[in-house]
Structures are given as C-alpha cells and as structure tokens.
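Below is one structure, written out as structure tokens, with a few remarks after it.
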Amino acid sequence: MEVPRPAELQLVADEAATCVRCRLAETRTQVVFGVGDPDADLLFVGEGPGAEEDRLGEPFVGRSGKLLDQLVLEEMGLTRDQFHIANVVKCRPPDNRDPQPDEIAACNPWLERQLELIQPKVVVTLGNFAMRTLLQTRDGITKVRGSTYPFRGGLLIPTFHPAAILRGGAQQLAQMRADLVRAKQAIAAATAAVDVEVPAEVAPAPTDATLFD
Ligand code: SF4
Numbered sequence: 012m013e014v015p016r017p018a019e020l021q022l023v024a025d026e027a028a029t030c031v032r033c034r035l036a037e038t039r040t041q042v043v044f045g046v047g048d049p050d051a052d053l054l055f056v057g058e059g060p061g062a063e064e065d066r067l068g069e070p071f072v073g074r075s076g077k078l079l080d081q082l083v084l085e086e087m088g089l090t091r092d093q094f095h096i097a098n099v100v101k102c103r104p105p106d107n108r109d110p111q112p113d114e115i116a117a118c119n120p121w122l123e124r125q126l127e128l129i130q131p132k133v134v135v136t137l138g139n140f141a142m143r144t145l146l147q148t149r150d151g152i153t154k155v156r157g158s159t160y161p162f163r164g165g166l167l168i169p170t171f172h173p174a175a176i177l178r179g180g181a182q183q184l185a186q187m188r189a190d191l192v193r194a195k196q197a198i199a200a201a202t203a204a205v206d207v208e209v210p211a212e213v214a215p216a217p218t219d220a221t222l223f224d
C-alpha cells in the first residue's frame, strides 16, 4: 500500500533524526528537519539552524523567524501552519558559522526528499546559501533577487535571509516585502493555472559543492 506523502515525510524526518553524514552531527543538540504543512504550496528554504532552533528542534524560531512570520502574515496573509520551512543543512553549525560546502552537499539528499514529497508550487529561498544550492549559481542574492525562476515544474523566488534584514536597512526590508508579494501572486497564478509559463519539467541538478568555495 502506498504511504501518504505527509506520512512519508514524517518517516523521512524520523530517519534524518539520527543522521551522521557530516561533522555537524558531532555538535548539534538535535536535527532540525522542517516544520509546517506537508502539503503546502509554499516552501521556504533557509540556511541552517541557529542556537534557538537547535534547542527547540524547529526552524526559524529566533528573532529571524519571528520577523519572517510577521512579514509572511503581513504580505501573504499566511500563518506558519499554512506553509513549510526547511534549511539546506539540518544541524546547527557551531558558533553560527556558515555551513561548509561538504556539509551542504552531505545534507542535500534530505532537502531533495522534502522537495519531492511536499511538491510546493513556489519555493522561496532565504539568503545566499539556499539560493545557490537550488539555482546552482555562484551569483549573490543582491544580483539574483527581483526575478522569478522556473524550478521543477513550479517557481522559485529568491529573497534575503531575515537575519540580513535585521542587520540591514529599510531598502532590503522593502525588497523582501516585494518578493513575498511576488510569491503570493505566483501561488495564486499557479493555483489558477493561468498566465504562468512553467516548463513541463526542470531536471534537478546535483548540488555542486564548488559553488560555495
Ligand atoms: S547537517 Fe545534514 S548531513 Fe549533516 S549530520 Fe545533520 S542531517 Fe546529517
């Protein structure tokens, strides 16, 4: 009998909970796999868990997460139970350092399973690491954001990491708000199946660790 996708996502999360594929397993408190609606139209992909996320086992629960929740509610009218959130690495890098290329590559199969099972209409990447991982580019977020990209039968919209908004100024905040409005419109258009030219299939590219060198 076929396992329903939400149940299969939970099975994958249970499997990931004991993952030791990279060195981040040595210092984490727990694997932070993802949270939210397993059938969501919208998937946010961030960088990796911070201290609060590592402690509580849920992505984006610190200051960045609160800002993300606020902006998504204000610009998209969605609450956390109506979308899904994951990260490119599921374990906290020590001292909140950047995830290393080999760690991102080791963790990528978990993100791939999330994408396969959730099948979001729209993926919004938060910051450089998620954007580079999924778009397979070396370009930075400032250059790439502002556009919508075909992504595996759906769409991908890159925006800033909310931590950058907390550090940055009003211009970045306004741009992130605009990106979220674009995501809302993309979901509505994809749901209505009008005026969005989406390739029949965009083959997933293997993660290239050299993108982060
Ligand atoms: S970061 Fe990913 S690959 Fe590394 S131990 Fe955690 S779950 Fe496994």
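Each residue of the sequence shown is one higher than the one before, starting from 12 at the first, in my numbering.
For each residue, glycine too, the CB sits at the ideal point set by N, CA and C.
Inset, instruction - Identify whether G179 lies in helix, strand or coil by the three-state DSSP scheme. - result: As a first step, residue 179 is located in the sequence shown; it is residue number 168 there, counting from the start. Coil.
Inset, instruction - Determine the closest residue to R225 out of M142, R32 and Q81, with distance taken between C-alpha atoms. - result: The structure shown has nothing for residue 225, since the chain only spans 12 to 224.
Inset, instruction - Determine the burial state of K77: buried for a count of at least 16 other Cβ atoms within 10 Å of its Cβ, exposed for fewer. - result: To locate residue 77, count along the sequence shown from 1; it is residue 66. The Cβ neighbour count for K77, taken over all protein chains shown within 10 Å, is under 16; the residue is labelled exposed.
Inset, instruction - Mind the definition here: the stretch 24-43 touches the stretch 107-121 only if three or more C-beta pairs lie below 8 Å; say whether that holds. - result: Contact holds: three or more Cβ-Cβ distances are below 8 Å.
Inset, instruction - With DSSP collapsed to three states, give me the class of V14. - result: Mapped onto the sequence shown, residue 14 falls at position 3. In this structure, DSSP gives V14 a state outside helix and strand, which the three-state scheme calls coil.
Legend entry - Opening and closing residue of the alpha helix (DSSP H) in which T153 lies: In the sequence shown, residue 153 corresponds to position 142, counting from 1. From DSSP, the alpha helix (DSSP H) with T153 extends over I152 to V155.
Inset, instruction - Please report how far the alpha carbon of R193 lies from the alpha carbon of I168, in whole angstroms. - result: Within the sequence shown, the letter at position 182 stands for residue 193. Within the sequence shown, the letter at position 157 stands for residue 168. Cα-Cα distance, rounded: 8 Å.
Legend entry - Between the CA atoms of P15 and H172 - distance to the nearest angstrom: Counted from its first residue, the sequence shown places residue 172 at position 161. Counted from its first residue, the sequence shown places residue 15 at position 4. Going from the Cα of H172 to the Cα of P15 covers about 32 Å.
Legend entry - V213 versus G180: straight-line alpha-carbon distance, rounded: For this step, residue 213 is matched to residue 202 along the sequence shown. For this step, residue 180 is matched to residue 169 along the sequence shown. Low confidence applies to V213: its pLDDT is 42, below 50, so where it sits in the model is not reliable, and the reading given next is rough at best. Those two C-alpha atoms are separated by around 35 Å.
Legend entry - From N98, E86, G151 and D150, residue whose alpha carbon lies closest to that of Q196: The sequence position of residue 196 within the sequence shown is 185, counting from 1. Looking at the Cα atoms, E86 is the closest of the given residues.
Legend entry - C-alpha gap between D190 and D25, whole angstroms: Walking along the sequence shown from the start, residue 190 turns up at place 179. Walking along the sequence shown from the start, residue 25 turns up at place 14. Counting only the Cα atoms, D25 lies some 33 Å from D190.
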